[in-house]
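>
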Amino acid sequence: MKKLAFLFMVFFIFSLNMVYAQRGTARADIVNIRFASPLPRNSEWGRALDRLAAEWQRATNDQVRVFVSHDGREGSEMRMLSSLSSDSIQVGIFTSAGINEICPAVINLSIPFLIRNEAELDLVLKDTLPVLETRVKEDFVILAWSKGGWVYMFSKEQVLTPADLRRQRLGTSPELKDMNTVFRTLGFNLVEVDLTSVGQRLASGAINAIYVIPSAVAPMQLHRSLNHMLDLPIAPIMGAIVINRVTWNKISSAHQQEILRITRRMALEFDESMSRTETNAIAAMGRDGLSVNRPSQAQNDIWRSEIQGAIPSLLGTVFDLDIYNRMNRILEQARR
Numbered sequence: 004m005k006k007l008a009f010l011f012m013v014f015f016i017f018s019l020n021m022v023y024a025q026r027g028t029a030r031a032d033i034v035n036i037r038f039a040s041p042l043p044r045n046s047e048w049g050r051a052l053d054r055l056a057a058e059w060q061r062a063t064n065d066q067v068r069v070f071v072s073h074d075g076r077e078g079s080e081m082r083m084l085s086s087l088s089s090d091s092i093q094v095g096i097f098t099s100a101g102i103n104e105i106c107p108a109v110i111n112l113s114i115p116f117l118i119r120n121e122a123e124l125d126l127v128l129k130d131t132l133p134v135l136e137t138r139v140k141e142d143f144v145i146l147a148w149s150k151g152g153w154v155y156m157f158s159k160e161q162v163l164t165p166a167d168l169r170r171q172r173l174g175t176s177p178e179l180k181d182m183n184t185v186f187r188t189l190g191f192n193l194v195e196v197d198l199t200s201v202g203q204r205l206a207s208g209a210i211n212a213i214y215v216i217p218s219a220v221a222p223m224q225l226h227r228s229l230n231h232m233l234d235l236p237i238a239p240i241m242g243a244i245v246i247n248r249v250t251w252n253k254i255s256s257a258h259q260q261e262i263l264r265i266t267r268r269m270a271l272e273f274d275e276s277m278s279r280t281e282t283n284a285i286a287a288m289g290r291d292g293l294s295v296n297r298p299s300q301a302q303n304d305i306w307r308s309e310i311q312g313a314i315p316s317l318l319g320t321v322f323d324l325d326i327y328n329r330m331n332r333i334l335e336q337a338r339r
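Just add 3 to wherever you are in the sequence shown, counting from 1, and you've got the numbering used here.
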């Protein structure tokens, strides 16, 4: 009798586990995700990511559980990529510098002064992103692309021409390797510095200019030292939300589609807010003493001419020739 009761109990527990597994509530079905973000928690973007995490969980019936690690706690983009590969984190937000490591040629979108405005950027993205996605390394999946804003030049002294900038010590992120190569080719004096230590390097005189998106300058109050901005967008910066393939394969096909739908919808919302955020940041810094210096048409032409003269020597090495030619055809047609 005892043996029969024991066998019945084993069968009952086994059957119960099978039922829960079929309902998707077994522990083995749960995918835990650590989502690394360099963006501030206490910002419009940080709050949007918290909403994104909640929506992923709700849409997957809590089978995908997300913890967002805000404020750049997971380190630089290169460190985040390493953590993504080793599965220490499962999802991360990256800019053009990081994305280029897993999707070569994406840095073409940030060639200085090639794309001039939002309308041109939209045309190029519509044509080029599908091609770039075919080049993503197989260990990664890009859930959504997003616009990260436009890079501008900020300096202690007024800068209106390339000659003005050559007299500055230009702080730059070591992760912007390809853009740095362009500026070095043009003879600019670059000093590699992490964004978090820019204030200290400014105080010591190691740098007196940087190029960066305005929405990163305003929260750090850097415009109080770098109180001149060249009113000429240098290049767009792309962003992307990336998941490692190991984690993606753990998620059911139906839930993958839900995650893609939610993430891409939120990326579009982010794109729409980015332009407003950038405009508001420049306006707020202007009220706080920032001088926004608009170059003349002749000075504008000098910038474009010098950059265009440097690019051909970098095609096929720093920049992908096929993608560059594709982009150029689109832009030339649009400008005609």
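C-beta: ideal position from N, C-alpha, C; glycine also. For clarity, every value in this text was computed on a predicted model and none was experimentally measured.
For residue 127, report the span of its beta strand (DSSP E) as first-last.
Walking along the sequence shown from the start, residue 127 turns up at place 124. Premise fails: residue 127 lies in the alpha helix (DSSP H), 121-136, not in any beta strand (DSSP E).
> With a 10 Å radius around its C-beta and 16 neighbouring C-beta atoms as the bar for buried, classify residue 41 as buried or exposed.
Within the sequence shown, residue 41 is the residue found at index 38, counting from 1. Result: buried.
> For residue 288, tell me which candidate among 186, 232, 66 has the shortest Cα-Cα distance.
Numbered from 1 along the sequence shown, position 285 holds the residue referred to as residue 288. Looking at the Cα atoms, 232 is the closest of the given residues.
> If we ignore side chains and look at the alpha-carbon of each, how far apart do residue 264 and residue 257 end up?
To locate residue 264, count along the sequence shown from 1; it is residue 261. To locate residue 257, count along the sequence shown from 1; it is residue 254. Going by the C-alpha atoms only, they are around 11 Å apart.
> At what residues does the alpha helix (DSSP H) containing residue 103 begin and finish?
Locating residue 103 in the sequence shown gives position 100, counting from the first residue. For residue 103, the uninterrupted alpha helix (DSSP H) run begins and ends at 99-105, by DSSP.
> Output needed for residue 267: all residues of its chain with C-beta closer than 8 Å, excluding positions within five of it in sequence on either side, in chain order.
Locating residue 267 in the sequence shown gives position 264, counting from the first residue. The beta carbon of residue 267 sits closer than 8 Å to the beta carbons of 146, 147 from its chain, once the five residues preceding and following it are set aside; these are given in chain order.
> Mind checking who residue 239 pairs with in its DSSP beta bridge?
As a working note, residue 239 is residue 236 in the sequence shown. Answer by DSSP bridge pairing, in chain order: 153.
> What residue does the beta strand (DSSP E) around residue 37 start on, and which one ends it?
Along the sequence shown, read from residue 1 onward, the residue named residue 37 stands at position 34. Residue 37 -> beta strand (DSSP E) spans 34-39.
> By the three-class DSSP mapping on this structure, what secondary structure does residue 312 have?
Within the sequence shown, residue 312 is the residue found at index 309, counting from 1. In the structure shown, residue 312 sits in a helix (DSSP, three-state: H, G or I).
> If you scan the region 259-317 from start to end, which runs of the beta strand (DSSP E) of 3 or more residues do you find wholly inside it?
294-296
> In this structure, what does DSSP give as the bridge partners for residue 231?
Within the sequence shown, residue 231 is the residue found at index 228, counting from 1. Paired residue(s): 158, 294.
> Residue 92 and residue 81 - do their beta-carbons sit closer together than 8 Å?
Counting from one through the sequence shown, the residue named residue 81 turns up at place 78. Counting from one through the sequence shown, the residue named residue 92 turns up at place 89. The answer is no: Cβ separation not under 8 Å.
> For the alpha helix (DSSP H) containing residue 172, name the first residue and the last one.
The sequence position of residue 172 within the sequence shown is 169, counting from 1. Boundaries around residue 172 are those of the beta strand (DSSP E), 172-175, since no alpha helix (DSSP H) includes it.
> Can you tell me where the beta strand (DSSP E) holding residue 68 begins and where it ends?
Walking along the sequence shown from the start, residue 68 turns up at place 65. Segment 67-72, the beta strand (DSSP E) holding residue 68.
> Should residue 208 be labelled buried (16 or more other beta-carbon atoms within 10 Å of its own) or exposed?
Residue numbering aside, residue 208 sits at position 205 when the sequence shown is read from its first letter. Result: exposed.
> Check whether the Cβ atoms of residue 162 and residue 216 lie closer than 8 Å to each other.
Locating residue 162 in the sequence shown gives position 159, where the first residue counts as 1. Locating residue 216 in the sequence shown gives position 213, where the first residue counts as 1. Cβ atoms of residue 162 and residue 216: not closer than 8 Å.
> Please determine whether the Cβ atom of residue 338 lies at a distance below 7 Å from any heavy atom of the ligand ADP.
The ligand ADP is absent from the structure shown, which contains no ligand whatsoever.
> In this structure, what does DSSP give as the bridge partners for residue 214?
Locating residue 214 in the sequence shown gives position 211, where the first residue counts as 1. In DSSP, residue 214 forms a bridge with 156.
> What are the boundary residues of the alpha helix (DSSP H) that residue 328 is part of?
Translated into the one-based positions of the sequence shown, residue 328 becomes position 325. Note, residue 328: alpha helix (DSSP H), 324-338.
> Which residues in the same chain have their Cβ closer than 7 Å to the Cβ of residue 321, if we skip the five residues on either side of it in sequence?
Mapped onto the sequence shown, residue 321 falls at position 318. Closer than 7 Å at the Cβ level, and outside the excluded window around residue 321, lie 181, 184.
> In its own chain, which residues sit with a C-beta less than 8 Å from the C-beta of residue 296, not counting the 5 before and 5 after it?
By 1-based counting over the sequence shown, the position of residue 296 is 293. Around residue 296: 161, 162, 163, 231, 232, 233, 234.
> Kindly list the residues whose CB is nearer than 8 Å to the CB of residue 236, restricted to its own chain and excluding five residues on each side of it in sequence; keep chain order.
As a working mapping, residue 236 is identified with position 233 in the sequence shown. Here the set comprises 119, 120, 153, 154, 155.
> Report yes if the C-beta distance between residue 94 and residue 135 is below 8 Å; otherwise report no.
Locating residue 94 in the sequence shown gives position 91, counting from the first residue. Locating residue 135 in the sequence shown gives position 132, counting from the first residue. Contact flag unset, no.
> What does DSSP give as the partner residue(s) for residue 96 in the beta ladder?
Translated into positions along the sequence shown, residue 96 becomes position 93. Partner(s): 244.
> Would residue 210 pass as a contact of residue 172 if the rule is Cβ separation under 8 Å?
The sequence position of residue 210 within the sequence shown is 207, counting from 1. The sequence position of residue 172 within the sequence shown is 169, counting from 1. Cβ distance < 8 Å, so residue 210 and residue 172 count as in contact.
> For residue 148, which residues does DSSP report across the bridge?
Counting from 1 along the sequence shown, the entry for residue 148 is found at position 145. Answer by DSSP bridge pairing, in chain order: 243.
> Is DSSP giving residue 191 helix, strand or coil here?
Here residue 191 refers to the residue found at position 188 when the sequence shown is read from its first residue. In the structure shown, residue 191 sits in coil (DSSP, three-state: anything other than H, G, I, E or B).
> Can you list, in chain order, the residues of its chain with a C-beta nearer than 7 Å to that of residue 19? Leave out the 5 residues immediately preceding and following it.
What you label residue 19 is simply residue 16 of the sequence shown in a count that begins at 1. Only weak support is given to the placement of residue 19: the predicted model assigns it a pLDDT of 41, under 50, and the value that follows is read from those uncertain coordinates. The answer is none, since no qualifying residue turns up.
> Report the rounded CA-to-CA distance for residue 36 versus residue 246, giving the unit in angstroms.
On the sequence shown, residue 36 is found 33 positions in, with the first residue counted as 1. On the sequence shown, residue 246 is found 243 positions in, with the first residue counted as 1. C-alpha separation (whole angstroms): 9 Å.
> Which one or two residues does DSSP pair with residue 143 in a beta bridge?
What you label residue 143 is simply residue 140 of the sequence shown in a count that begins at 1. In DSSP, residue 143 forms a bridge with 247.
> Please go through the same chain and pick out, in chain order, the residues whose beta-carbon is closer than 7 Å to the beta-carbon of residue 239, but skip the five residues on each side of it.
As a working note, residue 239 is residue 236 in the sequence shown. 112, 113, 118, 124, 150, 153.
> Who are the Cβ neighbours of residue 1 in its own chain at under 6 Å, not counting the five residues just before and after it?
Because the chain in this structure spans residues 4 to 339, residue 1 falls outside the shown range and cannot be described.
> Taking just the CA atoms, how far does residue 179 sit from residue 311?
Indexing the sequence shown from 1 puts residue 311 at position 308. Indexing the sequence shown from 1 puts residue 179 at position 176. Going from the Cα of residue 311 to the Cα of residue 179 covers about 19 Å.
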